[in-house]
Amino acid sequence: MPTVLITGANRGIGLEFARQYASDGWEVIATARDPSDAHELKALDLRVEPLDMADLDAVVAFADGVKGLDLLVANAGTNDPMNAESLDDAKRWAKMMVVNSIGPFILARHLLPRMTDGSKLVAITSGMGSLSETSGGWIPYRTSKAALNMGWRSLSLEARAQQVVMAMLSPGWVKTRMGGAGAELTPEESVSAMRRLIDRLTIDQAGEFLRRDGSEIPW
Numbered sequence: 058m059p060t061v062l063i064t065g066a067n068r069g070i071g072l073e074f075a076r077q078y079a080s081d082g083w084e085v086i087a088t089a090r091d092p093s094d095a096h097e098l099k100a101l102d103l104r105v106e107p108l109d110m111a112d113l114d115a116v117v118a119f120a121d122g123v124k125g126l127d128l129l130v131a132n133a134g135t136n137d138p139m140n141a142e143s144l145d146d147a148k149r150w151a152k153m154m155v156v157n158s159i160g161p162f163i164l165a166r167h168l169l170p171r172m173t174d175g176s177k178l179v180a181i182t183s184g185m186g187s188l189s190e191t192s193g194g195w196i197p198y199r200t201s202k203a204a205l206n207m208g209w210r211s212l213s214l215e216a217r218a219q220q221v222v223m224a225m226l227s228p229g230w231v232k233t234r235m236g237g238a239g240a241e242l243t244p245e246e247s248v249s250a251m252r253r254l255i256d257r258l259t260i261d262q263a264g265e266f267l268r269r270d271g272s273e274i275p276w
């Protein structure tokens, strides 16, 4: 039975990943910052663990306790603050960088020595992290995803030598608390497409920045 670790699985895209993998018979380790508030997740037949991606000590300790992993879906993230207009915004932006980029990188870095040939480490990123994207706004979020992309891509070079595939996937605009009700996709549609892509990822795609359909996103 393959094992998947999904971070930020208490709602939205992470919850849907957990639901689908559990339904297909995978052993699922699902994390949430506060499992006591993750009612939908706890109703599924899977293992739920507490993990706050802002606490780097906890991230490292958690990673050091994981064994026999086939897939990591680094999904946990935040979009607060939307803008950087004040000192308080800047402080929250700093925390966002830890949650969205540094925490996932440290988790992957500490899991990598435990991964076996053919394992995969996938980061859920955003097309808004592309430097070619010109719509503007959302500067804190954009920078956090651009940083995640670069960290993941850099680590993928080491992972490639170990025959472990690392890639960054953009889920599209999804109807979640973060994406809003006006988004184009349901979590089920987005996650189903990303799972098909994850299944067919090869070592030749290590370090790539991809849409859910497998097409490349410009850096």
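Using our numbering, the first residue of the sequence shown is number 58, and each one after it goes up by one.
Backbone N, C-alpha and C fix where the C-beta goes; we use that ideal spot for every residue, glycine too.
Item	Value
Between the CA atoms of residue 61 and residue 281 - distance to the nearest angstrom	Outside the shown range of the chain, which is 58 to 276, sits residue 281, and nothing can be said about it.
Span separating the alpha-carbon of residue 282 from that of residue 165	Any property of residue 282 remains undetermined from this structure, which presents the chain solely from 58 to 276.
Spatial neighbours of residue 117 in its chain, beta-carbon cut-off 7 Å, leaving aside the 5 residues before and after	163 and 167
For residue 218, the nearest candidate out of 126, 136 and 170 (CA to CA)	170
Reference residue 157, options 124, 211 and 113, closest by Cα	113
Runs of alpha helix (DSSP H) lying entirely within the region 154–233, each at least 4 residues, in chain order	160–168 and 196–218
6 Å CB neighbourhood of residue 74 in its chain, flanking five on each side removed	63, 130 and 248
Reduced DSSP secondary structure (H/G/I, E/B, other) of residue 241	coil
Residue from 145, 207, 229 and 126 whose Cα sits closest to the Cα of residue 276	207
Segment contact, 8 Å Cβ cut-off, at least three pairs: the region 65–72 with the region 84–91	yes
Validate contact between the region 235–247 and the region 259–267 using beta carbons, cut 8 Å, 3 pairs	no
Sequence-distant residues of its chain with Cβ nearer than 7 Å to residue 78 (five each side left out)	61 and 85
Same chain, Cβ closer than 6 Å to residue 58, five either side skipped, listed in chain order	84
Close beta carbons around residue 147, own chain, < 7 Å, minus the five adjacent residues each side	141
CB contact flag (residue 175, residue 110, <7 Å)	no
Sub-7 Å separation of residue 223 and residue 188 beta-carbons	no
Three-state secondary structure assigned by DSSP to residue 104	strand
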